[in-house]
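Engineer:
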Amino acid sequence: MEGNNITLFHSTQEIMKITGGDVLSYILGSKLDSVGAKAQSLLSDFAETKVNRSDFDAQMTNIKSEMENIQKTYNESSDLEDEGKDALHGRWTKVDNMIKLGLSQMGEE
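Counting from 2, one number per residue, gives the positions in the sequence shown under my numbering.
#1: Mind checking whether residue 93 and residue 60 have CB atoms under 8 Å apart?
#2: Suppose the cutoff is 8 Å on Cβ atoms and the five residues either side in sequence are ignored; what does the same chain contact list for residue 13 look like?
#3: Can you give the Cα-Cα distance for residue 178 and residue 88, rounded to whole angstroms?
#4: At which residues does the alpha helix (DSSP H) containing residue 121 begin and terminate?
#5: Identify whether residue 52 lies in helix, strand or coil by the three-state DSSP scheme.
#6: So, helix, strand or coil for residue 15, using DSSP?
The following block contains the structure:
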């Protein structure tokens, strides 16, 4: 998205340029944070028997679907810079490992 950079100005001084890759990295990172929070809350609620098994399964399926959609966008994007990819990969791994750990503690896969 080279032609679609946004430049922010303060008076006549350029502060920073935001590329399409920066925006995408921010959006995907925010989505990962949101999915991670949902998963952590769901795992906690299930452990405390605040949610029944069928609701848990349905919500976990939705969470996994959101993770797959984020991964698909990440894989298909040519706009992400290496630094943004590394940061997103780290966030992805953190959320994925948290979900796997929670499920394994429950005896699930």
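Ideal Cβ positions, reconstructed from N, Cα and C, are used throughout, including at glycine. Just so it is clear, the structure is predicted and the values come from calculations on it, not from any experiment.
Structural biologist: Result, derived from the coordinates:
#1: no
#2: With a pLDDT of only 46 at residue 13, under the threshold of 50, the placement of this residue in the model should not be trusted, and no figure is reported.
#3: Outside the displayed range of the chain (2 to 110) lies residue 178, so it cannot be described from this structure.
#4: This structure does not reach residue 121, given that the chain is present from 2 up to 110, and the question cannot be answered.
#5: coil
#6: In this prediction, residue 15 scores a pLDDT of 49, lower than 50, which makes its location untrustworthy; no coordinate-derived value is stated.
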